[in-house]
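Notes to accompany the following structure.
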Amino acid sequence: MGRRARKARLLYAEVAVEAARSLGRETYTYAVPEGLDVVPGHRVTVPFGRRSTYGFVVSLTTEDPGVETKPLATAGSEPLLLPHQVELARLVADHYWVPLVECIRAMLPPRIRATGSTGAGVSSRQRRHTRLVELATGPAPPAQPTELTEQQAAALEVIHNNPVTLLHGVIASGKTEVYLAAAEEALAEGLRVLLLVPDISLTPQLVQRVRARLNAPIAVLHSQLTELERAQQWWRTRRGEAQVVLGSRSAVFAPIPRL
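Throughout the sequence shown, residue numbering follows the working numbering, covering 7 to 265 in sequence.
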């Protein structure tokens with residue numbers, strides 16, 4: 007009876023395995039060793055065939071899979087993906103018929119995906135660089151409050167009543183001011199904000215405008231950053247240090263808590 011009870015309490019992890027991207031299988035089941043704390047979103051090291059590789063936990067269960075399972079080898083100190091990101095990866099994989107691990111890869115900067123690094127142990131030069139980035143994207147002296155026009159106020163009211171809204175207007179019609187007003191309200195409620203730019207070249211000017219208007223720490227995410235810069239900005243986002251995330255299309259996958 008004791009052995010059966012212990013067996014029933016075993017925990018199993020469904021893992022999207024990096025090395026299995028081309029094999030057409032979504033996940034593999036591994037046993038979670040006693041004392042190893044994992045949740046969906048954790049990057050883990052797993053045995054795969056005759057080698058060791060890494061993958062990402064996408065679900066946990068106590069249901070016996072009915073086949074022999076190998077144990078997880080190691081797990082990161084904290085999950086890389088938030089619960090809503092794991093769910094989003096599943097939705098994207100199902101919709102586009104692509105391997106789940108490919109969708110997860112798209113959510114992580116190469117440096118973090120390959121190593122699971124938490125950013126600890128960086129050099130003093132890298133820390134100085136990080137500090138310069140934080141100063142450039144940190145809060146700025148607040149700008150003078152901007153009063154919305156009648157049309158802008160009406161557009162903001164539409165956003166209040168319809169969470170999913172397409173705001174259409176010609177260039178220089180004042181759309182950005184509506185976005186910033188909506189962002190300001192979200193920040194006042196303790197939420198985080200994601201702003202996407204149509205072109206990377208527009209990022210610097212929008213960063214300055216957002217800094218002045220919202221007076222909140224910003225993380226910038228786009229493909230022209232170095233791998234180190236992307237990893238640092240990603241971790242600032244993941245840990246909630248940045249209240250506003252600004253980036254190109256790929257930033258839609260950013261790990262933003264309380265979005």
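Even for Gly, the Cβ is constructed at its ideal location relative to N, Cα and C.
Beta-carbon proximity of residue i to residue j, cut-off 7 Å
{"i": "Thr33", "j": "Ala22", "result": "yes"}
{"i": "Arg17", "j": "Val45", "result": "Sequence check: residue 17 is Leu here, not Arg. No, they are not a contact pair."}
{"i": "Val250", "j": "Ile224", "result": "yes"}
{"i": "Arg49", "j": "Gly82", "result": "yes"}
{"i": "Pro115", "j": "Arg236", "result": "yes"}
{"i": "Glu183", "j": "Gln157", "result": "no"}
{"i": "Leu173", "j": "Ala188", "result": "no"}
DSSP bridge partner residues for residue i (one or two, in chain order)
{"i": "Gly253", "result": "Leu202, Leu227"}
{"i": "Glu20", "result": "Thr35, Ser65"}
{"i": "Tyr60", "result": "Thr51"}
Three-state class that DSSP yields for residue i in the structure shown
{"i": "Pro263", "result": "coil"}
{"i": "Pro210", "result": "helix"}
{"i": "Val258", "result": "helix"}
{"i": "Glu190", "result": "helix"}
{"i": "Thr67", "result": "strand"}
{"i": "Ala99", "result": "helix"}
{"i": "Ala178", "result": "coil"}
{"i": "Ala248", "result": "coil"}
{"i": "Ala161", "result": "helix"}
Cα-Cα separation, residue i to residue j
{"i": "Glu291", "j": "Cys109", "result": "Residue 291 lies beyond the stretch modelled for the chain, which goes from 7 to 265, so this question has no answer here."}
{"i": "Arg217", "j": "Gly246", "result": "17 Å"}
{"i": "Leu212", "j": "Arg219", "result": "10 Å"}
{"i": "Arg27", "j": "Val176", "result": "43 Å"}
{"i": "Val164", "j": "Ser179", "result": "17 Å"}
{"i": "Thr155", "j": "Ala79", "result": "59 Å"}
{"i": "Val170", "j": "Asp70", "result": "41 Å"}
{"i": "Asp43", "j": "Ala19", "result": "11 Å"}
{"i": "Gly196", "j": "Leu87", "result": "21 Å"}
{"i": "Tyr102", "j": "Val92", "result": "16 Å"}
{"i": "Gln238", "j": "Arg119", "result": "13 Å"}
heavy atom of the ligand GTP below 6 Å from residue i C-beta
{"i": "Leu172", "result": "Inclusion of the ligand GTP in the displayed structure is not the case, the ligand content being empty and no account of it being possible."}
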